[in-house]
Each structure stands twice: as C-alpha cells, then as structure tokens.
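Heads up, the final residue of the sequence shown is numbered 238 in the numbering used here, and it's a clean run with no missing numbers. By construction, the Cβ of each residue, glycine as well, lies at the ideal position given by its N, Cα and C atoms. Remember, predicted model here, so these are calculated numbers, not experimental data.
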Amino acid sequence: MNDKKPDNLDEYEEEIDDEEFKKPMHEFDDDIEYLDEEKRNSKSLRPKKFSFPRFSIGWLGGLLVLLVLLFLILPKGEKKSNNDELIVVKSRVEELERRQQDVEALNQRMEKLEGEALSGTPMNDRMDQLEKLLISKTGEMKRDVDALKIRMEKEKTAKVVEKPQVEAPLPKIVQQPAKKPVKASSVKYHTVQKGENLFRIALKYNLKENELLNLNDLSKGAKIFPGQRLRVSK
5 MNDKKPDNLD
15 EYEEEIDDEE
25 FKKPMHEFDD
35 DIEYLDEEKR
45 NSKSLRPKKF
55 SFPRFSIGWL
65 GGLLVLLVLL
75 FLILPKGEKK
85 SNNDELIVVK
95 SRVEELERRQ
105 QDVEALNQRM
115 EKLEGEALSG
125 TPMNDRMDQL
135 EKLLISKTGE
145 MKRDVDALKI
155 RMEKEKTAKV
165 VEKPQVEAPL
175 PKIVQQPAKK
185 PVKASSVKYH
195 TVQKGENLFR
205 IALKYNLKEN
215 ELLNLNDLSK
225 GAKIFPGQRL
235 RVSK
C-alpha cells in the first residue's frame with residue numbers, strides 16, 4: 005500500500021478499496037478460519053444439557069452365560085465332596101441370576117427417572133443414589149464371578165496333579181513249552197501173501213534173511229503163513 009496520502013480524500017478511500025481488493029486469496033482464507041474458530045469457541049462455552057448415565061446389561065448377561073457354561077463343564081465326580089461343591093456352585097449361580105434381575109429393575113427405574121427429570125422434576129439426588137447402588141451391585145457380581153473362576157481353576161489343577169489309582173497286577177500267563185510233534189513211525193511191515201517165503205520177502209526189501217529173522221525174533225527155519233505181519237525195516 006502506498007504511504008503517500010493524496011490531497012483528495014475521496015481518491016484516498018478509493019485507493020484503499022483497490023488495495024484491499026487486490027489482497028491475495030490466502031489472506032482471505034486466514035480471515036475465514038479465524039471466524040470459524042471464534043464460532044466454535046462460542047459454542048463450546050454454551051452450557052451442556054444434563055444427560056443421565058445409561059448402563060448396559062449386555063455384559064452382565066454375558067457373565068451369566070459364562071457362569072452357566074462353567075457349571076455345565078464342571079467335571080462330574082463320584083465323591084460326595086464333589087457333589088457338595090456342585091450344589092454350592094449352583095446356588096451361587098442362582099444368586100447371581102437374582103442379582104441380574106435386580107440390576108435390570110434398577111435400569112428400568114433409572115429410565116423412568118430420566119424421563120421425569122427431562123420433564124422438569126428435580127431428581128439429581130435420587131439419580132446419584134441409584135447410580136451408586138447400581139455400581140455397587142455390579143461390582144459385587146464381578147467379584148463373585150472372579151472368585152468362582154479362581155476356585156474352579158484351583159480344582160481343575162488339583163485334579164490334574166492327583167495321582168492315578170494303582171491298578172491290580174494282572175496274573176502272569178505261564179506259557180507252556182510247545183509239545184514236539186510225534187514223528188511218524190518209520191517202521192515198515194509186510195503182510196505175508198500166499199506163496200511167499202522169508203527169502204523172497206527179505207530180497208524184496210533189500211534185507212538179508214538173517215536180518216529179517218532178527219527183526220521179527222524168528223529162529224532159522226521158522227515157518228510163516230499168509231496174513232502174518234513181518235517187520236521189514238530197522
């Protein structure tokens with residue numbers, strides 16, 4: 005901008021307007037950003053509307069489902085102590101269900117009170133009390149669930165470490181030695197036919213006559229008859 009002031013005031017004002025018109029675009033952008041920031045700051049200073057806290061019971065339902073699943077997968081013991089523990093766990097689950105119902109009732113009351121507060125009824129004190137009560141109830145429920153999980157983990161570890169029962173030894177099976185197969189007798193016999201004599205029979209089996217006599221305990225010159233069995237092998 006020219007620092008020299010003209011003699012005519014009108015000409016000076018026109019010159020100022022021309023200079024402003026010739027400003028770069030980024031300087032206009034800076035002015036717009038400044039105005040937007042002022043607008044945001046003015047909105048942030050406005051008082052916020054009172055909003056009541058909402059508590060979702062979805063995670064409470066999840067905890068209840070987890071408890072039921074843990075109850076179903078508990079190992080079924082045959083001892084009386086295990087049955088007593090299952091009864092205790094079942095009672096704890098029923099107690100947690102009752103507490104969940106109490107929490108649901110509290111949520112319904114809070115929603116009702118929120119509607120009354122929005123309509124203009126002063127309920128801040130009562131809402132604070134109900135909020136504290138709800139937080140205490142949920143805290144107790146979470147502690148009970150954690151304690152139950154720790155207890156179940158300890159019982160599971162104890163069952164794994166427990167030594168297995170010693171089984172009775174099986175009776176030893178005495179293996180008897182296999183019997184040797186009886187060899188088939190290699191002794192051969194000959195049935196005397198009509199017209200045969202000792203000499204012919206001995207010759208037939210490659211024996212001497214004396215050997216045939218000795219095998220059958222016969223004396224020399226003994227007579228044989230048809231149908232008689234003679235031993236013909238040693």
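- Rounded Cβ spacing between Leu216 and Leu202 (contact assumed at less than 8 Å): Residue numbering aside, residue 216 sits at position 212 when the sequence shown is read from its first letter. Residue numbering aside, residue 202 sits at position 198 when the sequence shown is read from its first letter. 6 Å between Cβ atoms; contact.
- Task: Decide yes or no for the touch test of the stretch 153 to 163 against the stretch 191 to 210: beta carbon pairs closer than 8 Å, at least 3 of them.
- Result: No: fewer than three Cβ pairs fall under 8 Å.
- Task: Would you decide whether Ser95 is buried or exposed? Buried here means 16 or more other CB atoms lie within 10 Å of its CB.
- Result: Position 91 of the sequence shown, counting from 1, holds the residue named residue 95. By the neighbour-count rule (16 or more Cβ atoms within 10 Å), Ser95 is not buried but exposed.
- Query: In this structure, what does DSSP give as the bridge partners for Arg235?
  - Reply: As a working mapping, residue 235 is identified with position 231 in the sequence shown. Tyr193.
- Sorted by chain position, which residues of the same chain lie with C-beta nearer than 8 Å to Phe56's C-beta, five sequence neighbours on each side aside? Locating residue 56 in the sequence shown gives position 52, counting from the first residue. Bear in mind that a pLDDT of 44 at Phe56, under 50, signals an unreliable position, so the number given afterwards is only what the model happens to contain. Excluding residues within five positions, the ones whose Cβ falls inside 8 Å are Met114, Leu117, Glu118, Ala121, Met131.
- Message: As a quick exercise: from Gln104, Glu144, His194, pick the residue whose alpha carbon is nearest that of Phe229.
- Response: Here residue 229 refers to the residue found at position 225 of the sequence shown. Phe229 has its Cα closest to that of His194, out of Gln104, Glu144, His194.
- Coarse secondary structure for Asn220, derived from DSSP in three states: Within the sequence shown, residue 220 is the residue found at index 216, counting from 1. Residue state, collapsed to three classes: coil.
- Query: Of all the options Val72, Leu207, Ser237, Lys198, which has the alpha carbon lying nearest to the alpha carbon of Lys190?
  - Reply: Taking the sequence shown and counting its residues from 1, the one referred to as residue 190 is at position 186. In the sequence as presented, Lys is not what sits at residue 190; that position holds Ser. Considering only alpha carbons, the answer is Ser237.
- Grab me the residues of Lys212's own chain with a C-beta within less than 7 Å of its C-beta, minus the 5 sequence neighbours each way, in chain order. Numbered from its first residue, the sequence shown carries residue 212 at position 208. Closer than 7 Å at the Cβ level, and outside the excluded window around Lys212, lie Ala206.
- Query: Using the beta-carbon count (16 or more within 10 Å), is Leu234 buried or exposed?
  - Reply: One-based indexing of the sequence shown puts residue 234 at position 230. Answer is buried; the Cβ neighbour count reaches 16.
- Excluding five sequence neighbours on each side, which residues of the same chain lie with their C-beta closer than 8 Å to the C-beta of Met145? As a first step, residue 145 must be located in the sequence shown, where it is residue number 141. Cβ contact annotation for Met145 (same chain, cutoff 8 Å, sequence separation greater than five): Leu64, Leu67, Leu100, Arg103, Gln104, Val107, in chain order.
- Message: For Val92 and Leu134, what's the separation of their Cα atoms in angstroms?
- Response: The residue given as residue 92 occupies position 88 in the sequence shown. The residue given as residue 134 occupies position 130 in the sequence shown. Going from the Cα of Val92 to the Cα of Leu134 covers about 31 Å.
- Message: Could you check whether Val97 and Leu71 sit closer than 7 Å to each other, using their CB atoms as the reference points?
- Response: Mapped onto the sequence shown, residue 71 falls at position 67. Mapped onto the sequence shown, residue 97 falls at position 93. Result yes, Cβ atoms of Leu71 and Val97 sit closer than 7 Å.
- Taking only the alpha-carbon atoms, compute the straight-line gap between Ile154 and Gln112 and give it to the nearest angstrom. Residue numbering aside, residue 154 sits at position 150 when the sequence shown is read from its first letter. Residue numbering aside, residue 112 sits at position 108 when the sequence shown is read from its first letter. In this structure, the straight-line span from the alpha carbon of Ile154 to that of Gln112 is close to 33 Å.
- Message: Using the three-state DSSP reduction, which class does Lys160 fall into: helix, strand or coil?
- Response: Taking the first residue of the sequence shown as position 1, residue 160 is located at position 156. DSSP places Lys160 in helix when its eight states are reduced to three.
- Within 10 angstroms of the Cβ of Leu138, are there 16 or more other Cβ atoms? Answer buried if so, exposed if not. Your numbering for residue 138 matches position 134 in the sequence shown. It counts as buried.
- N-terminal and C-terminal residue of the alpha helix (DSSP H) that Ala226 is part of: The count along the sequence shown starts at 1 and reaches residue 226 at position 222. Careful: Ala226 lies outside any alpha helix (DSSP H) and carries neither H nor E.
- So, helix, strand or coil for Leu76, using DSSP? Position 72 of the sequence shown, counted from the first residue, corresponds to residue 76. Correct three-state label for Leu76: helix.
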